[in-house]
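Notes follow once the structure below has been shown.
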Amino acid sequence: MIKKYSSIVNCNIKENIKDAAWVEDLVHYGLFKNQMDGTLAAAALFCPDIICVKDYVFIKMFLENSDNDEKLIAMVERLEEKYNYCKKDIEMIINSCSLGDFFLGDNSQLPYNDEIIYNFGEVLCYFWQMRVNQLFPEKNIVVELGYELMGELGLCITMYEEVTK
């Protein structure tokens, strides 16, 4: 008996990638197009640094002054007042990002291909969810895609803890 388990990345997406027809699969395309440093940088994106301030869980790359504990606590206290201590809103306002913003320096048409950007978002959700599940198995942290979240434009990713009462 043979069982095959497909990647979470849609293999048919290769047809939408410029200059990818010559390779057998996306793995070979990625290894050819990226150097080791770029591949490690991508790994850091898919397994990001996480910072907890009080009981809030944040993705470090979205925080200003992430190395200054006093400023982080002051920021959270301002957000608590602004959002009436709503944990979900406080985490979402920091952890929401338009997927297109990840590619501001990319001159190609890839970020504007809806199928590719959505598949990227699904993959990012998958890995971020695994990351927070590993770090916080006792918390019900949600990583999801949505449109126009927290003032962001287009398809966005966000992360927050769903607190049960």
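Numbering-wise, the sequence shown is residues 85 to 249 according to this note's numbering.
Ideal placement from N, C-alpha and C gives every residue a C-beta, glycine not left out.
Small disclaimer: the values here were computed from a predicted structure and weren't measured.
Secondary structure of TYR210 (DSSP, three-state): helix.
The C-beta distance from PHE142 to ASN179 rounds to 6 Å, short enough to fall under 8 Å. Taking a cut-off of 8 Å for Cβ pairs, the stretch 109-117 and the stretch 87-101 touch, as three or more such pairs fall below it. For GLU228, the enclosing beta strand (DSSP E) stretches over residues 225-231.
Residue nearest to VAL137 within the set LYS117, PHE116, LEU129, MET159 is MET159 (criterion: CA-CA distance). For the pair SER182 and LEU147, the CB atoms are not nearer than the 9 Å cut-off. In the DSSP assignment, MET243 forms a beta bridge with VAL227. Counting C-beta atoms within 10 angstroms of its own C-beta, PRO132 has 16 or more neighbours from the protein chains shown and is therefore classed as buried. By the neighbour-count criterion, in which a residue is buried when 16 or more other Cβ atoms sit within 10 angstroms of its Cβ, ILE241 is buried.
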